[in-house]
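Q: Each position in the sequence shown, counted from 1, maps to that position plus 198 in our numbering.
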Amino acid sequence: MNEGPSPRPVHLRHYLAYGSNDVLGAGSMAVISGWVLIFYTQFCGLSAGQAALIFAVARILDAFASPIIGFVSDHFGATALGRRFGRRRFFILAAIPLLPSFALMWLPGQEFWFYLVSYVLFELVYAMEIIPFETLAAEMSTDYRTKAKFAGSRILFGQASAILAGFLPLWLITALGRDNADTFFYMGCIFAVLFMVTAFILWAFSWERFVPGSPEALDAARSSGASSAGQALKALYRNLFSTLRIRAFRLHLGIYLGGYIAQDVFNAAFTFFVIFALAGTTAVASGLLGTMYIVQFFAVMLAINASLRTLPARAYQAAAGCFAVGTLVLLALWSAGLSATSAWIWLPVALAGLGRGAINYIPWATYNYMADVDEIVTGRRREGAFAGVMTFIRKATQAAAVAGVGWLMQAGGFVSGAKVQSADAVQVIALILGLGTVIMLALGVLVSTRFRLGPATHAVLMHEIEHLRAGKRQPTSPEAKAVVEDLSGWRYDQLWGANGVATSR
């Protein structure tokens, strides 16, 4: 199903199929970030430090594997399997029978090493499927609005799965009992089935722009002929990290990480905060998380409309402010002595959800245009490289964020399995939730003030790409020159391969 020279029409079924795969992408991360530390510490007898170590090791190993998967998928079209199934879609198909590994993570009564190995296994399977998936919006269309709709569909499905991740433990707790560890195993089984179904739907209703026999295929064949494994690995990382020489991508990463690390910290600390600071229960925390994700779902729809009409950076700034206010109000209510049963608690939860929805959508909407900015610099299409680097940096920083929460909690006196924590331990949880979230949001907003990719500038970018592809080397106008230089970070006479980025293979 590789795409030929003419663009294929994108219909509703394609948007839905593409978006549904974020049940795996965002859904699994919502389950893990919201519940894995609670599961390990309160139901499996692991210390907060051990739980943090499992998370860190798995994410760091995955972070190094992700760029390799991105690189391989960029060059896989030169192989027989790539020609038969697609350089991206082959990996999506191959991952389907391995996705039940998610359920193994939640099997109760096991030892530290079992949880470490099962988590690492799922992370590698996740990367094998999700990195090719992240390239497909750019593969299936070059149109700004179409890519924005792909991103919108993805985030809406992701938020719907996050709602399920929030409420499902509550429903299972109601059915199985408050202290039943099997709650999380059944949750893992349900999500594993959903992952397999949506991955198959994505494979069945997607395609690729890459054509065997094209310059990209010849590039792949040459690259696959490296004389040694060491040279191939060196070429891999040189190629991948050359993506950081694209100015728009560097700024995009700052925006993305600011918003997503803030959510990592908030998610990791929130359930503990509800249970030990607000005197709630796991079921109450589940209900609050589920409600927050419902608000996020509607916030994504608002963000889709805003990003099509204005600069995404402005919508991001408003969303980050809303999330920060919600977090600070939550802490203020705790300081005032309110408990999780107070009706006022729903106010900061709704405010945080309103901001988080847009923060989830906007970076992924802008990500779909990074390969376009790279193309005007290098004259090549490297969607897989961008997906690999983005996942590498995201996983490494997420590992640091969530593991850091676990280690700080342990240093602050948190006792695994205890029904009540000391005042010092509760204070540390509150500080992590508040300062960690707000500081990361502030950093993301600071970076966003320099990010100027939007509908108008993207249209200029695509026009200049066609201009350069036609063999012209002078800009169509001074205004167009300024736009592409701002987005790329390179002078106009250095574009279209006349730079060091193009030779970073």
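For glycine and all other residues, C-beta sits at the position ideal for the given N, C-alpha and C.
What are the boundary residues of the alpha helix (DSSP H) that includes N558?
A: 544-565
Q: Of all the options S646, G223, L639, E573, which has the alpha carbon lying nearest to the alpha carbon of Y458?
A: L639
Q: Would you call the CB atoms of E327 and F289 closer than 8 Å?
A: yes
Q: Can you give the Cα-Cα distance for R445 and Q692, rounded to whole angstroms?
A: 14 Å
Q: Could you tell me whether the Cβ atoms of L644 and L685 are closer together than 8 Å?
A: no
Q: Is the number of C-beta pairs between the region 516-526 and the region 627-641 that are closer than 8 Å three or more?
A: yes
Q: Short of 6 Å in beta carbon distance, which residues of its chain neighbour A249, apart from the five on each side in sequence? Order them along the chain.
A: L235, Y238, T239, G604
Q: Along the chain, where does the alpha helix (DSSP H) that runs through D570 open and close?
A: 568-576 is the extent of the alpha helix (DSSP H) around D570.
Q: Below 8 Å, can you find three or more Cβ-Cβ pairs linking the region 569-582 to the region 530-550?
A: no
Q: For R206 and A228, what's the separation of their Cα atoms in angstroms?
A: Near 33 Å, if we compare the C-alpha coordinates of A228 and R206.
Q: Hey, quick one: how far does the alpha helix (DSSP H) through T182 stretch, first residue to last?
A: Outside the modelled stretch of the chain, which goes from 199 to 703, sits residue 182, for which no answer is possible.
Q: Quick one: give me the first and last residue of the alpha helix (DSSP H) that R774 is part of.
A: A question about residue 774 goes unanswered here, because the residues of the chain that appear run from 199 up to 703.
Q: Taking the continuous alpha helix (DSSP H) assigned at C520, which residues delimit it?
A: 510-533
Q: Can you list, in chain order, the residues of its chain whose CB lies under 8 Å from that of E677, leaving out five sequence neighbours each side?
A: V658
Q: Three-state secondary structure (DSSP) at A609?
A: helix
Q: Find out if the Cβ-Cβ distance for the pair I560, A654 is shorter than 8 Å.
A: Going by C-beta atoms, I560 is not nearer than 8 Å to A654.
Q: DSSP on L279, reduced to helix/strand/coil?
A: helix
Q: Would you identify the three-state DSSP class for L244, choosing helix, strand or coil?
A: coil
Q: State the DSSP-derived secondary structure class of A477, mapped to helix, strand or coil.
A: Residue state, collapsed to three classes: coil.
Q: Return the chain-ordered list of same chain residues with a C-beta closer than 8 Å to the C-beta of A278, the five sequence neighbours on each side being excluded.
A: Residues of the same chain with their beta carbon placed closer than 8 Å to that of A278 are lacking, with the five preceding and five following residues left out of the count.
Q: If contacts are defined as beta-carbon pairs under 8 Å, then E337 and R281 qualify, I think. What distance do you get, rounded to the angstrom?
A: Contact doesn't hold; Cβ gap of about 16 Å is too wide.
Q: Let me know the secondary structure DSSP gives R592 once reduced to three states.
A: helix
Q: First and last residue of the alpha helix (DSSP H) that includes Q625?
A: 621-629
Q: What is the DSSP secondary structure of N754, counted as helix, strand or coil?
A: Past the edges of the chain, shown from 199 to 703, lies residue 754, and the structure says nothing about it.
Q: Which class does E604 belong to by DSSP, given the choice of helix, strand or coil?
A: Rather than Glu, the amino acid found at residue 604 in this sequence is Gly. The answer is helix: DSSP assigns G604 an H, G or I state.
Q: Return the chain-ordered list of same chain residues with a C-beta closer than 7 Å to the C-beta of V323, the five sequence neighbours on each side being excluded.
A: A293, L296, L297, S299
Q: If you count every other CB in all the chains shown that lies within 10 Å of the CB of E662, and 16 or more means buried, which is it?
A: buried
Q: Roughly how far, in whole angstroms, is the beta-carbon of A594 from the beta-carbon of R285, given that I think they are within contact range, below 8 Å?
A: At roughly 25 Å, the Cβ-Cβ gap does not stay under 8 Å, so A594 and R285 are not in contact.
Q: Classify D272: buried if its beta carbon has 16 or more other beta carbons within 10 angstroms, exposed otherwise.
A: buried
Q: Is there a Cβ of chain B sitting closer than 8 Å to that of V636, yes or no?
A: The question asks about chain B, but that chain is absent: this structure has only one protein chain.
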